[in-house]
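Just add 46 to wherever you are in the sequence shown, counting from 1, and you've got my numbering. Backbone N, C-alpha and C define an ideal beta-carbon position, used for all residues, glycine too. Owing to the predicted nature of the structure, the values given are computational and were not obtained by experimental measurement.
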Amino acid sequence: MSEPKLLLIEDDRRSAQSLERVLKAKGYAVSLAGRGDEGLERAKNETFDVVVTDLRMPGMGGLELVRLLHAAKPRLPIVLMTAFGTTETAIEATKHGAFEYLLKPFEMPELIEVVGRAVASARLMTEPVEMGGDKIDGQAIVGRSRPMQMVYKEIGRVAGTAATVLIRGETGTGKELVARAIYQHSERAAKPFIAVNCAAIPETLLESELFGHERGAFTGADQRRIGRFEQAHQGTLFLDEIGDMSAFTQAKLLRVLQDKVIQRVGGKENIPVDVRIIAATHRDLEKAIAEKQFREDLYYRLNSVVLRLPPLRERVEDIPDLAGYFSRKFSKELNLAASALQPEALAWLGEQPWPGNVRELENIIRQALLLSRGYPIARQQLEAVAAKSAEPASVAGGGASIEALIDQWLKEAKEGASIDVHAKAFEAMERVLFRHAIELAQGNQAKASRWLNVSRQTMREKLRAFGLKEEAPEEGRD
Ligand SMILES: Nc1ncnc2c1ncn2[C@@H]1O[C@H](COP(=O)(O)OP(=O)(O)OP(=O)(O)O)[C@@H](O)[C@H]1O
Ligand SMILES: [Mg+2]
47 MSEPKLLLIE DDRRSAQSLE RVLKAKGYAV SLAGRGDEGL ERAKNETFDV
97 VVTDLRMPGM GGLELVRLLH AAKPRLPIVL MTAFGTTETA IEATKHGAFE
147 YLLKPFEMPE LIEVVGRAVA SARLMTEPVE MGGDKIDGQA IVGRSRPMQM
197 VYKEIGRVAG TAATVLIRGE TGTGKELVAR AIYQHSERAA KPFIAVNCAA
247 IPETLLESEL FGHERGAFTG ADQRRIGRFE QAHQGTLFLD EIGDMSAFTQ
297 AKLLRVLQDK VIQRVGGKEN IPVDVRIIAA THRDLEKAIA EKQFREDLYY
347 RLNSVVLRLP PLRERVEDIP DLAGYFSRKF SKELNLAASA LQPEALAWLG
397 EQPWPGNVRE LENIIRQALL LSRGYPIARQ QLEAVAAKSA EPASVAGGGA
447 SIEALIDQWL KEAKEGASID VHAKAFEAME RVLFRHAIEL AQGNQAKASR
497 WLNVSRQTMR EKLRAFGLKE EAPEEGRD
C-alpha cells in the first residue's frame with residue numbers, strides 16, 4: 047500500500063514542524079498549509095487520505111473548514127486539534143462531519159492512533175470492492191460459484207434501495223466485504239460509511255458510541271459527545287456483530303429504525319437522523335431470541351432484507367480461485383515470486399472443513415507462501431501450516447506464558463514469517479482472561495461476565511471457543 051497522504055493545516059510554524067516530523071516518521075506523506083483558507087483549497091483540489099487541522103487559524107477557522115470541506119468531500123476524514131476552552135466548537139465540528147478531535151496538549155502516540163483510525167475508516171469507503179473479480183490491488187470478492195453469483199445478484203438488487211440490510215453468515219465468510227460492496231453501489235456511495243463493531247465495544251459504552259451523550263449524562267461524561275448516528279447523517283452506518291448488542295441498546299436502535307430520530311444519552315432532544323443501516327452477525331439470531339438475548343421486534347425489522355453468505359465448504363469450487371488470488375496478492379505484498387499451487391495442494395484444500403471460512407484459507411495460503419519460497423505450494427506445506435496454527439490453542443491453554451508465546455511469534459515474524467502476531471497475542475490473552483475469570487467465579491457465568499463487563503452471550507461463546515466449558519460435542523463437519 048502506498049504511503050497515505052496527509053494534509054496538515056496549522057499556522058504555528060514550530061508546532062507544524064514537530065508534528066510533521068512525527069507523522070513523516072510514521073510513514074505519512076505530509077503536506078503543510080499555514081492558513082485555513084489555503085488548507086481548504088488544497089484539500090478540495092488535491093488528493094489526500096486525511097486532513098489534520100488546527101481549530102484557530104488565520105484565513106478560516108477549523109469549524110467552518112470542516113463544514114465546507116465535509117460538504118465538498120464527505121468521505122475525507124478530518125481530525126481537529128483543539129485547545130482547552132474551544133472544545134465545544136470542536137464537538138460542534140464532529141456534528142458537521144469531523145472524524146475526531148484531539149484536545150491539546152496531546153501525546154504524539156494519541157495523534158498517530160487517531161490519524162491511523164481515520165485513514166483506515168476512509169479506506170473502507172474509498173477502496174473499491176470488486177465483485178466476482180480477482181484484481182489483487184484493491185479488494186475483490188472472489189468466487190464464481192452459483193451461491194456467490196446469487197450473492198452478487200442480491201447485492202445489486204438491494205444496493206440501490208434505502209432498505210436496511212442484514213448480512214448473515216459464519217465467521218470469515220466476507221460479511222464486511224459485502225457490506226462495503228453494498229455501500230459502494232448505493233446512492234449514498236459519495237457519503238460517509240461508518241463502521242461500528244458492536245462486539246468490540248463494552249456494553250456500557252456502546253450506547254454512547256452510537257447515540258452520543260450530553261455532558262454529565264454519567265460519571266466520566268465531562269464533555270458532550272456526538273455519536274456515530276449523527277456522524278453518519280445522510281450516509282451509511284455498518285453495525286457489525288449486531289447480535290452482540292445488549293437488549294437496552296437494541297431497544298434504542300429499534301426506535302431509530304421506526305422513528306428516524308435519536309436521543310443522546312442523558313438528553314431529551316429528538317434529533318432527526320437520516321442513516322441507512324447495514325447490519326451483520328454470525329450469530330444464530332433465532333436461537334438468541336429463544337434465549338431472550340435478542341429482541342424479536344428488532345429481528346423482524348432487520349429481517350426484511352437478508353443476505354446470507356454461504357460457508358466455504360458449500361462452495362468448494364471457489365477454492366482454487368481464492369487460493370490463487372491470495373497467493374498472488376501476498377506474493378506481491380511480500381515481494382516474493384508468485385507461487386502457484388501444486389494440484390495435490392489444491393486437492394487437499396478442497397477436502398478441509400474450513401470452520402474459519404475464507405479468513406482461515408487466507409491465513410493458510412499466506413503462511414504456506416513463505417515456506418514455498420517461490421516454488422509452487424506443496425500439500426505438505428499446507429499441512430504443516432495448518433498443524434501449526436492449531437497449536438497455540440493447546441499451548442496457551444496449558445503451560446507456556448503469554449510473554450513467551452509473544453516472544454516466539456515476534457521472533458518468527460522478524461525472520462519473515464507472516465503471522466498475525468497481534469491477533470494471536472490477543473487471542474492468547476483472552477483465553478487466559480476468560481479461564482481465570484470463570485475459575486475465580488467457580489463456574490458462575492453471570493458473575494464472570496459482570497466482572498469482565500461482557501455480555502452473558504459473549505461469555506458463553508468465549509468459553510465454548512476456548513474449550514472451557516463442557517458442551518455437547520459439535521456435529522462433525524466432514
Ligand atoms: N469472497 C472473498 N474473496 C476474497 N476475500 C475474501 C472473501 N471473503 C472473505 N474474504 C477475506 O476474508 C477475510 C474475512 O472476511 P470478512 O472480515 O469480511 O469476514 P466476516 O464475515 O466479517 O467475518 P467475522 O464474522 O469473523 O467478522 C478478509 O480478509 C476478507 O478480505
Ligand atoms: Mg466481520
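- Taking Phe512 as part of the alpha helix (DSSP H), name the residues at either end of that continuous run. Sequence index remark: in the sequence shown, residue 512 carries index 466 (1-based). From DSSP, Phe512 is part of no alpha helix (DSSP H); its letter is neither H nor E.
- Range covered by the beta strand (DSSP E) that runs through Thr132: Position 86 of the sequence shown, counted from the first residue, corresponds to residue 132. Going by DSSP, Thr132 is part of no beta strand (DSSP E) at all; its letter is neither H nor E.
- Within its chain, find whatever has a CB closer than 6 Å to the CB of Gln185; leave out the 5 residues flanking it on each side and keep chain order. For the purposes of this step, residue 185 is taken as residue 139 along the sequence shown, with counting starting at 1. Around Gln185, the same chain offers Glu173, Val175 as residues with beta carbons nearer than 6 Å, after the five sequence neighbours per side are excluded.
- Residue range of the beta strand (DSSP E) that Tyr147 falls in? Counted from its first residue, the sequence shown places residue 147 at position 101. From DSSP, the beta strand (DSSP E) with Tyr147 extends over 146-149.
- Considering Leu52, what are the terminal residues of the beta strand (DSSP E) in which it resides? Position 6 of the sequence shown holds residue 52. Counting along the chain, the beta strand (DSSP E) containing Leu52 begins and ends at 51-55.
- Which residue comes first and which comes last in the beta strand (DSSP E) that contains Glu176? For this step, residue 176 is matched to residue 130 along the sequence shown. 175-177 is the span of the beta strand (DSSP E), which, as asked, contains Glu176.
- Check whether the segment 263-273 touches the segment 303-313, counting contact only when three or more Cβ pairs, one atom from each stretch, lie closer than 8 Å. They touch, by the three-pair rule.
- Item | Classification of Lys508 by the beta-carbon crowding that lies within 10 angstroms, buried from 16 upward | Your numbering for residue 508 matches position 462 in the sequence shown. Taking all protein chains shown into account, Lys508 has 16 or more neighbouring C-beta atoms within 10 Å of its C-beta and is therefore buried.
- Query: If you compare alpha carbons, which of Val321, Gln488, Arg169, Arg88 is closest to Glu233?
  - Reply: Here residue 233 refers to the residue found at position 187 of the sequence shown. Minimum Cα distance to Glu233 is reached at Val321.
- Excluding five sequence neighbours on each side, which residues of the same chain lie with their C-beta closer than 6 Å to the C-beta of Val97? As a working note, residue 97 is residue 51 in the sequence shown. For Val97, where only same-chain residues beyond five positions count, the Cβ hits under 6 Å are Leu53, Ala89, Ile124.
- Which residues mark the beginning and the end of the alpha helix (DSSP H) in which Ala71 is found? Here residue 71 refers to the residue found at position 25 when the sequence shown is read from its first residue. Start and end: 59-71.
- Item | Heavy atom of ligand 1 within 7 Å of Tyr345 beta-carbon | Numbered from 1 along the sequence shown, position 299 holds the residue referred to as residue 345. The nearest non-hydrogen atom of ligand 1 is 7 Å or more from the C-beta of Tyr345.
- Task: Leaving aside the five residues before and after Ala483 along the sequence, list all residues of the same chain whose C-beta is less than 7 Å from its C-beta, in chain order.
- Result: For the purposes of this step, residue 483 is identified with residue 437 of the sequence shown, where counting begins at 1. Around Ala483: Ala494, Trp497, Leu498.
- Where does Leu285 sit, in a helix, a strand or coil, going by DSSP? In the sequence shown, residue 285 corresponds to position 239, counting from 1. Looking at Leu285 - three-state DSSP - the assignment turns out to be strand.
- Item | Pairwise C-alpha distance: Ala75 and Ala246 | If you number the sequence shown from 1, residue 246 lands on position 200. If you number the sequence shown from 1, residue 75 lands on position 29. For Ala246 and Ala75, the gap between their C-alpha atoms comes out near 31 Å.
- Message: Rounded to the nearest angstrom, what separates Ile411 and Arg169 at their Cα positions?
- Response: In the sequence shown, the residue the question calls residue 411 occupies position 365. In the sequence shown, the residue the question calls residue 169 occupies position 123. The alpha-carbon separation between Ile411 and Arg169 amounts to approximately 24 Å.
- Query: Got a sec, what are the start and stop residues for the alpha helix (DSSP H) Gln296 sits in?
  - Reply: Within the sequence shown, numbered from 1, the residue matching residue 296 stands at position 250. For Gln296, the enclosing alpha helix (DSSP H) begins and ends at 293-305.
- Report back the beta-carbon spacing between Asp95 and Lys51 to the nearest angstrom; my notes put them in contact at under 8 Å. For the purposes of this step, residue 95 is taken as residue 49 along the sequence shown, with counting starting at 1. For the purposes of this step, residue 51 is taken as residue 5 along the sequence shown, with counting starting at 1. Confirmed, about 5 Å.
- Message: Just to confirm my understanding: we take Arg60, look at its own chain, exclude 5 residues before and 5 after, and list those with CB closer than 7 Å. What are they?
- Response: On the sequence shown, position 14 is the one that residue 60 refers to. Hits under 7 Å: none found.
- Query: Where does Leu387 fall in DSSP's three states?
  - Reply: The sequence position of residue 387 within the sequence shown is 341, counting from 1. Collapsing the DSSP output to three states places Leu387 in a strand.
- Query: Would the beta-carbon of Leu223 be found less than 7 Å away from any heavy atom of ligand 1?
  - Reply: Start at 1 with the first residue of the sequence shown, and residue 223 comes out as number 177. Distances between the C-beta of Leu223 and the heavy atoms of ligand 1 include at least one below 7 Å.
- Query: Is any heavy atom of ligand 1 found at a distance shorter than 7 Å from the C-beta of His482?
  - Reply: Here the question's residue 482 lines up with position 436 in the sequence shown. Result no, Cβ not under 7 Å from ligand 1.
- Task: Pull up the distance between the alpha-carbon of Asp57 and that of Ser64, whole angstroms please.
- Result: Within the sequence shown, residue 57 is the residue found at index 11, counting from 1. Within the sequence shown, residue 64 is the residue found at index 18, counting from 1. For Asp57 and Ser64, the distance between alpha carbons rounds to 13 Å.
- Message: In whole angstroms, give me the CA-to-CA distance for Arg361 and Asp466.
- Response: In the sequence shown, the residue the question calls residue 361 occupies position 315. In the sequence shown, the residue the question calls residue 466 occupies position 420. Distance between the alpha carbons of Arg361 and Asp466: 26 Å.
- Figure out for me which residue from Gln388, Met505, Met177, Gln503 has the closest Cα to the Cα of Arg226. As a working mapping, residue 226 is identified with position 180 in the sequence shown. Measuring from the Cα of Arg226, the nearest candidate turns out to be Met177.
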